[in-house]
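Asks: Numbering (our numbering), first residue to last: 277 to 415. Below: one structure in structure tokens.
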């Protein structure tokens, strides 16, 4: 029902929460939705915690410094080419707050701010399509 194997370009496909207290956030969401968590090492920073429900991955939680802006959920939109999408967004008046970069072999991403100030990310899938479980309770 809510299982996904791919996303068409232009479709929201992933969310993650950047917070200054990832342990408290994990405890809150695990208690609220019954998620299982898996901490994935990210080098010098803290882990990127993958959150799943049953066999489906639904989102992630990671630690960020207060100086990096407000704690927030980031929505990701699947694109065919992250670099080309950033160029198109700039041409339309957006600001790329993070140019496209590789996320290991999982994919390529960038963060964009639209002309009104809203942020979103673009996701060019590699080995990860994003969420594999959507549109069901808890996901």
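Yeah, the Cβ is synthetic: ideal placement off N, Cα and C, and Gly gets one too.
If we count the other Cβ atoms within 10 Å of its Cβ and call it buried at 16 or more, is residue 289 buried or exposed?
Replies: Residue 289 should be labelled buried.
Asks: When every heavy atom of the ligand NAD is checked, does at least one fall within less than 7 Å of the C-beta of residue 312?
Replies: The ligand NAD is not part of the structure shown, which contains no ligands of any sort.
Asks: Taking DSSP's pairing of strands, which residues face residue 377 in a bridge?
Replies: In DSSP, residue 377 forms a bridge with 385.
Asks: Smallest Cα separation from residue 375: which of 388, 392 and 285?
Replies: Closest by alpha carbon: 388.
Asks: Does the distance from the CB of residue 307 to the CB of residue 414 come in under 8 Å?
Replies: No, the pair does not count as a contact, with Cβ atoms beyond the cut-off.
Asks: At what residue ranges does the region 306-361 contain a whole run of the beta strand (DSSP E), taking only runs of 3 or more?
Replies: Segments of the beta strand (DSSP E) lying fully in the region 306-361: 312-318, 321-329, 332-339 and 348-354.
Asks: Residue 386 and residue 362 look like a contact to me (Cβ under 8 Å); what is the Cβ gap, rounded to whole Å?
Replies: Sure, about 5 Å apart at Cβ, within 8 Å.
Asks: Looking only at its chain, what residues have a beta carbon closer than 8 Å to the beta carbon of residue 405, apart from the 5 residues adjacent to it on each side?
Replies: Hits under 8 Å: 280, 281, 282, 283, 289 and 354.
Asks: What are the boundary residues of the beta strand (DSSP E) that includes residue 368?
Replies: Where residue 368 is concerned, there is no enclosing beta strand (DSSP E), given that its DSSP letter is neither H nor E.
Asks: Would you call residue 358 buried or exposed, if buried means 16 or more other Cβ atoms sit within 10 Å of its Cβ?
Replies: The residue in question, residue 358, is buried, as its Cβ has 16 or more Cβ neighbours within 10 Å.
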